[in-house]
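Asker: My structure is below; once you've seen it, I'll send some questions.
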Amino acid sequence: MLKLHDLSLSGNCYKVRLFLALLGIECEFIAVDFMAGQHKTPEYLALNPRGEIPILQDEDFTLCDSQAILVYLASKYASEAWLPQDAVGLGQVMQWLSTAANEIARGPNDARLAKKFGYKLDLATAQKKAHHILPIVDQHLSQQNWLTLGRPTIADIACFPYIALAPEGEVMLEEYGAINQWIDRIKQLPNFVGMPGIDAA
């Protein structure tokens, strides 16, 4: 059985939990005591030298980084609907995974870390970055229901959590109508599960 070293409040861990739920894949969730620094212990550094979660274990294979885990799960356990293998489709999905790891991580995610968890990050800078990327995403979604390919893919799963959690970093979403409609569409996917801060529909 798959094992996921997990933190309930982590949007990156939630990406993986959500995708597993949507695929109907059983997984053992191993709660990591983040506040006690469990992810920095020798045991966890042996699994991920960067001392970060999530960490996925599939038999004798261990993988870190939420975007990489989504790619792995989609490639091994899902249909090509979630991660196409043609050059054009794959490239379009991957550019959104990069957006999730960069603009969204440094914008809405950093604002949430600073405001909700007291991380020593520049809240104003993170909020400014959030309000740079969110209009781009909103404009894009005003023309289509999903981020790419006209259907839900791991691009949507990767970008969803920290956009939906943006208000926890005082990045409000009221002005982004297309994003709010997209959030509602994701919540309507079969087997959708929420997390603290993201209620199930």
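For what it's worth, this note's numbering labels the leading residue of the sequence shown as 87, then goes sequentially.
Cβ atoms here follow ideal geometry from the backbone N, Cα and C, with glycine treated the same way.
Small disclaimer: the values here were computed from a predicted structure and weren't measured.
At the level of alpha carbons, what is the spacing between LYS126 and VAL118?
Answerer: Indexing the sequence shown from 1 puts residue 126 at position 40. Indexing the sequence shown from 1 puts residue 118 at position 32. Distance between the alpha carbons of LYS126 and VAL118: 10 Å.
Asker: In chain order, what are the residue ranges of uninterrupted alpha helix (DSSP H) at least 4 long that sit wholly in the stretch 116-171?
Answerer: 128-133, 152-163
Asker: Expressed to the nearest angstrom, what Euclidean distance is found between the alpha-carbon atoms of ALA264 and GLU129?
Answerer: Sequence index remark: in the sequence shown, residue 264 carries index 178 (1-based). Sequence index remark: in the sequence shown, residue 129 carries index 43 (1-based). So the two alpha carbons sit approximately 43 Å from each other.
Asker: Would you kindly work out how many angstroms separate the C-alpha atoms of CYS113 and ALA241, rounded to a whole number?
Answerer: Sequence index remark: in the sequence shown, residue 113 carries index 27 (1-based). Sequence index remark: in the sequence shown, residue 241 carries index 155 (1-based). Their backbone Cα atoms lie some 22 Å apart in a straight line.
Asker: Is the beta carbon of ILE269 less than 7 Å from the beta carbon of PHE105?
Answerer: Stepping through the sequence shown from its first residue, residue 269 is reached at position 183. Stepping through the sequence shown from its first residue, residue 105 is reached at position 19. Against a cut-off of 7 Å, the Cβ pair of PHE105 and ILE269 comes out as no contact.
Asker: Is LEU108 closer than 7 Å to ASP144 when the C-beta atoms are compared?
Answerer: Looking up residue 144 in the sequence shown gives position 58. Looking up residue 108 in the sequence shown gives position 22. Not in contact: ASP144 and LEU108 (Cβ atoms no closer than 7 Å).
Asker: Which partner residues does HIS91 have in the DSSP bridge list?
Answerer: Counting from 1 along the sequence shown, the entry for residue 91 is found at position 5. The partner list for HIS91 (beta bridge, DSSP) reads ILE116, ILE141.
Asker: Indicate whether GLN178 and ALA197 have their beta-carbon atoms separated by less than 7 Å.
Answerer: Walking along the sequence shown from the start, residue 178 turns up at place 92. Walking along the sequence shown from the start, residue 197 turns up at place 111. For GLN178 and ALA197, no; Cβs fall outside 7 Å.
Asker: Here's a check: name, in chain order, each residue in its chain whose Cβ is nearer than 7 Å to the Cβ of GLY175, leaving out the five neighbours to either side.
Answerer: Taking the first residue of the sequence shown as position 1, residue 175 is located at position 89. The answer, listed in chain order, is LEU235.
Asker: In terms of alpha-carbon separation, which member of ALA286, GLU254, SER96, ARG237 lies closest to ASP151?
Answerer: For this step, residue 151 is matched to residue 65 along the sequence shown. Measuring from the Cα of ASP151, the nearest candidate turns out to be SER96.
Asker: Rounded to a whole number of angstroms, what is the C-alpha to C-alpha distance between VAL157 and GLU260?
Answerer: Translated into positions along the sequence shown, residue 157 becomes position 71. Translated into positions along the sequence shown, residue 260 becomes position 174. Computed Cα separation, rounded: 31 Å.
Asker: Can you check which of these residues, GLY137, LYS201, TRP168, GLU138, is closest to ARG237 by C-alpha distance?
Answerer: Position 151 of the sequence shown, counted from the first residue, corresponds to residue 237. It is TRP168 whose Cα lies nearest to the Cα of ARG237.
Asker: Rounded to a whole number of angstroms, what is the C-alpha to C-alpha distance between PRO221 and SER228?
Answerer: Indexing the sequence shown from 1 puts residue 221 at position 135. Indexing the sequence shown from 1 puts residue 228 at position 142. Distance between the alpha carbons of PRO221 and SER228: 10 Å.
Asker: State the start and end residues of the unbroken alpha helix (DSSP H) segment that holds PHE105.
Answerer: Taking the first residue of the sequence shown as position 1, residue 105 is located at position 19. 97-109 is the extent of the alpha helix (DSSP H) around PHE105.
Asker: What residues in its chain sit with their C-beta under 7 Å from that of PRO253, if we drop five residues either side in the sequence?
Answerer: The count along the sequence shown starts at 1 and reaches residue 253 at position 167. Result list for PRO253: LEU259, in chain order.
Asker: Kindly indicate the opening and closing residues of the alpha helix (DSSP H) around GLN225.
Answerer: The residue you call residue 225 lines up with position 139 of the sequence shown. From DSSP, the alpha helix (DSSP H) with GLN225 extends over 209-227.
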